[in-house]
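Inspection log for the structure reproduced underneath, given as structure tokens.
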Amino acid sequence: MRFRTRAIHIGSEPDSTGAVVPPIYLATTFIQPGAGEWGTFDYSRSGSPTRAGVERTLANLEGGVGALAFSSGMAATHCAMNLLEAGSHVVAGCDIYGGTYRLLHKICNRNNISVTLVPAQDASRVAAAIRPETRMVWIESIGNPLMSVPDISEIAAITRAKNILLGVDSTFVPPCILRPLEIGADIVMHSATKYLGGHSDCLAGVLATKDPELHQRLYFTQNATGAVLGGLESFLLGRGIKTLELRMREQCRSSMQIAQWLESHHRVRRVLYPGLASHPQHDRAKRIMGDQFGAMISFEIHGDCEETKRVCRSTKLFGLAVSLGAVESLIEQPATMSHASYEASARAAAGISDSLIRISVGLEHPEDLIEDLDQALVGPNR
Ligand SMILES: Cc1ncc(COP(=O)(O)O)c(C=O)c1O
Numbered sequence: 004m005r006f007r008t009r010a011i012h013i014g015s016e017p018d019s020t021g022a023v024v025p026p027i028y029l030a031t032t033f034i035q036p037g038a039g040e041w042g043t044f045d046y047s048r049s050g051s052p053t054r055a056g057v058e059r060t061l062a063n064l065e066g067g068v069g070a071l072a073f074s075s076g077m078a079a080t081h082c083a084m085n086l087l088e089a090g091s092h093v094v095a096g097c098d099i100y101g102g103t104y105r106l107l108h109k110i111c112n113r114n115n116i117s118v119t120l121v122p123a124q125d126a127s128r129v130a131a132a133i134r135p136e137t138r139m140v141w142i143e144s145i146g147n148p149l150m151s152v153p154d155i156s157e158i159a160a161i162t163r164a165k166n167i168l169l170g171v172d173s174t175f176v177p178p179c180i181l182r183p184l185e186i187g188a189d190i191v192m193h194s195a196t197k198y199l200g201g202h203s204d205c206l207a208g209v210l211a212t213k214d215p216e217l218h219q220r221l222y223f224t225q226n227a228t229g230a231v232l233g234g235l236e237s238f239l240l241g242r243g244i245k246t247l248e249l250r251m252r253e254q255c256r257s258s259m260q261i262a263q264w265l266e267s268h269h270r271v272r273r274v275l276y277p278g279l280a281s282h283p284q285h286d287r288a289k290r291i292m293g294d295q296f297g298a299m300i301s302f303e304i305h306g307d308c309e310e311t312k313r314v315c316r317s318t319k320l321f322g323l324a325v326s327l328g329a330v331e332s333l334i335e336q337p338a339t340m341s342h343a344s345y346e347a348s349a350r351a352a353a354g355i356s357d358s359l360i361r362i363s364v365g366l367e368h369p370e371d372l373i374e375d376l377d378q379a380l381v382g383p384n385r
């Protein structure tokens with residue numbers, strides 16, 4: 004079956020009632036056949052029917068042996084980082100999500116885990132940062148917010164040779180476009196709050212892997228630490244996934260149109276979108292993603308921090324908010340919002356300037372979005 008057929012049918016098979024939509028199980032505990040004898044489900048932290056359904060969908064769509072659904076993307080990333088022994092070293096991309104930066108520098112460090120940030124679009128920099136105690140390389144399939152595109156297969160060849168885990172946060176590039184497990188990643192992670200859920204109404208995270216032993220280790224950690232996805236959110240996530248491919252195709256199409264328009268705008272200094280020929284990794288992006296380059300665009304304006312803030316609060320359709328990936332378009336200033344948890348020096352080193360704006364392109368008509376951006380960029384003194 005093709006992707007969108009599987010997205011609709013796998014994991015939501017009709018039960019004995021014939022209901023075409025699976026029920027939402029809210030039970031936290033399950034009657035057992037006998038003392039010390041366990042049925043399929045026992046306690047909902049360890050597994051529940053609604054969560055198991057969406058985990059089957061996710062495993063299938065990612066090409067994994069299994070998937071685990073978490074209460075947030077950060078809970079999923081934390082579970083992956085919990086694989087690391089104290090004293091391990093992680094190499095991570097330098098334009099990663101601010102919350103991942105904070106997790107690595109302010110939580111994992113308590114376990115004596117050290118981190119080196121490198122521009123992951125340059126695989127030789129990743130290779131050079133690896134030390135004898137490196138146990139994990141963590142990259143984003145499109146870097147946040149600078150839209151860098153790493154060569155996942157090339158980095159996978161490096162990590163495989165050194166027996167290091169490669170984790171890919173593919174939140175910006177959902178599995179209808181890219182399946183990192185198929186090109187060498189050991190673990191794929193999603194903030195399912197974004198495109199997978201797709202409607203800004205469900206906080207969720209996902210890990211999937213193609214190695215049964217690794218899956219069991221992650222499951223053990225998830226069960227032991229407990230940040231699982233609840234029944235209602237599992238249902239919402241499953242419902243969102245059914246339209247993922249259609250939403251994504253349209254959002255990518257609009258994004259290309261908006262990115263091209265932004266590139267010609269006199270108030271815009273530069274546009275970062277992997278679909279543009281001007282993007283430094285455009286050819287690589289084409290090889291990895293085909294003709295869909297995601298629906299996130301960053302651009303720098305001519306103007307200082309205050310002017311950038313003015314543009315962000317002047318849009319009428321783009322909501323001024325963190326997050327992304329839903330049907331409604333959003334706008335934000337990474338330096339003061341999604342990436343505020345970076346040290347100022349790390350932001351500067353990564354090239355995240357105060358005049359950078361990041362937009363998440365939703366499903367509104369692209370011409371309406373262009374008109375909205377234009378009035379915000381030009382401002383009251385047009
Ligand atoms: C790329 C990326 N990874 C991880 C996360 C964290 O996910 P969550 O907010 O679901 O915990 C986000 C959230 O914005 C993100 O954009």
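Numbering of the sequence shown is given in my numbering, commencing with residue 4 and proceeding in unit increments. C-beta atoms are modelled at their ideal positions from N, C-alpha and C, and glycine is treated no differently.
Per DSSP, the beta-bridge partners of Ala211 are Ala70 and Val191. Judged by DSSP in its simplified three-state form, Leu120 adopts strand.
Straight-line spacing of the CA atoms in Ile13 and Arg134 works out to 42 angstroms.
Between the region 351–362 and the region 318–337, the count of Cβ pairs shorter than 8 angstroms is three or higher; the stretches touch. Fully contained in the region 220–304 are the following alpha helix (DSSP H) runs of length 4 or more, in chain order: 234–244, 247–266 and 285–292. Judged by their CB atoms, Arg270 and Val381 are nearer to each other than the 8 angstroms cut-off. CA-CA distance, Phe302 to Ile261, rounds to 11 angstroms. Taking all protein chains shown into account, Leu29 has fewer than 16 neighbouring C-beta atoms within 10 Å of its C-beta and is therefore exposed.
In terms of Cβ geometry, Phe33 and Gln225 do not form a close pair [threshold 8 angstroms]. One thing to note: Gly306 has its Cβ within 8 angstroms of the Cβ of Ser358. Distance from the C-beta of Ser326 to the nearest heavy atom of ligand 1 is below 7 angstroms. Its chain contains Cys315, Arg316, Ile334 and Glu335 as the residues whose beta carbon lies nearer than 7 angstroms to that of Leu323, once the 5 sequence neighbours on both sides are disregarded; these appear in chain order. With a cut-off of 7 angstroms, the C-beta of Met77 is classified as near ligand 1, since at least one heavy atom of the ligand falls inside that distance. DSSP places Ser317 in the uninterrupted alpha helix (DSSP H) bounded by Cys308 to Ser317.
Residue environment for Gln35: exposed (fewer than 16 other C-beta atoms within 10 angstroms of its C-beta).
In the pairwise beta carbon analysis, the region 84–101 is classified as touching the region 122–139: at least three pairs are separated by under 8 angstroms.
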